[in-house]
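K.L.:
Once you've had a glance at the structure underneath, I'll fire off some questions.
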Amino acid sequence: ASWRWTQEARAELLHRVENGLRQEGIVDLGAVPRTRLVREQQEATLWAAPFEFFGGYESGSFTVVEACAARLPMLLTPDPSVTELGRGVAHFLPFPIQDEPWIGAILDLLGNEEKRRFYEPHQGKVAETFTWANAAKRWHDLIETLLGSVATPALVAVG
Numbered sequence: 036a037s038w039r040w041t042q043e044a045r046a047e048l049l050h051r052v053e054n055g056l057r058q059e060g061i062v063d064l065g066a067v068p069r070t071r072l073v074r075e076q077q078e079a080t081l082w083a084a085p086f087e088f089f090g091g092y093e094s095g096s097f098t099v100v101e102a103c104a105a106r107l108p109m110l111l112t113p114d115p116s117v118t119e120l121g122r123g124v125a126h127f128l129p130f131p132i133q134d135e136p137w138i139g140a141i142l143d144l145l146g147n148e149e150k151r152r153f154y155e156p157h158q159g160k161v162a163e164t165f166t167w168a169n170a171a172k173r174w175h176d177l178i179e180t181l182l183g184s185v186a187t188p189a190l191v192a193v194g
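Structure follows, in structure tokens:
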């Protein structure tokens, strides 16, 4: 599925986010350095992402990996970039994004430690999958497979 946003829809979403940031107990950190983002995630109670971020290091499904590494309970939308990684480690709320279900889900998670910790054991496995050593091995194996499947027929054709 692909999502197309009109300028009006983007403006409405931005308005809702800005209004949400003006509530008591919510602090808008603005742009933060990477080291501070990691610290904030490690100290957070939950990670709520009612949309995926577009830009910098907050893009695609990497936010799911970071939240898994911090063992944060997550509330996500079923964006194609996060669905595969988030399956089994996060709570999903369907589109369209509506305030009441999100508020209810956040309050429910905040008030229920058992639910907050439900996915924790699986999150470590997701985070470990994306270590540099594991990523390098996957790339190496993929390239080796591709070269093997391409090189053999070429050698036979020349010979």
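Numbering of the sequence shown is given in this note's numbering, commencing with residue 36 and proceeding in unit increments. We put the beta carbon where it would ideally sit given N, CA and C, even for glycine. Since the structure is predicted, the reported quantities are computational estimates derived from the model, not experimental observations.
(1) For A79, count neighbouring Cβ atoms within 10 angstroms of its own Cβ and tell me buried if that reaches 16, exposed if not.
(2) Using the DSSP secondary-structure output, state which residues sit across from L56 in a beta bridge.
(3) Just the C-alpha distance for L177 and C103, rounded to the nearest angstrom, thanks.
(4) Can you give the beta carbon distance from L107 to L128, rounded, assuming they're within the 8 Å contact cut?
(5) With respect to the beta strand (DSSP E) encompassing L110, which residues constitute its N-terminal and C-terminal limits?
(6) Mind listing, in chain order, the continuous alpha helix (DSSP H) runs of no fewer than 4 residues lying wholly within the region 78-166?
(7) Could you check the C-alpha separation between H126 and W174 for me, to the nearest Å?
(8) Are the CB atoms of A66 and L110 nearer to each other than 8 Å?
(9) Excluding the five sequence neighbours on either side, which residues of its own chain have a C-beta within less than 8 Å of the C-beta of A36, listed in chain order?
P.N.:
This is what the structure gives:
(1) Here the question's residue 79 lines up with position 44 in the sequence shown. By the neighbour-count rule (16 or more Cβ atoms within 10 Å), A79 is not buried but exposed.
(2) The count along the sequence shown starts at 1 and reaches residue 56 at position 21. L56 pairs with nothing; no bridge assigned.
(3) Sequence index remark: in the sequence shown, residue 177 carries index 142 (1-based). Sequence index remark: in the sequence shown, residue 103 carries index 68 (1-based). Rounded to the nearest angstrom, the two C-alpha atoms are 25 Å apart.
(4) Position 72 of the sequence shown, counted from the start, is the residue given in the question as residue 107. Position 93 of the sequence shown, counted from the start, is the residue given in the question as residue 128. About 16 Å; that fails the 8 Å criterion.
(5) Working through the sequence shown from its first residue, we reach residue 110 at position 75. M109 to L111 is the extent of the beta strand (DSSP E) around L110.
(6) 97-104, 115-121, 134-145, 148-152 and 155-164
(7) In the sequence shown, the residue the question calls residue 126 occupies position 91. In the sequence shown, the residue the question calls residue 174 occupies position 139. Cα to Cα, H126 sits roughly 30 Å from W174.
(8) Residue 66 sits at position 31 when you count from the first residue of the sequence shown. Residue 110 sits at position 75 when you count from the first residue of the sequence shown. It is not a contact, given that the beta carbons lie outside the stated cut-off.
(9) The residue labelled residue 36 in the question sits at position 1 within the sequence shown. Reliability fails at A36, whose pLDDT of 39 lies under 50, so the model's placement of it is uncertain and no value is given.
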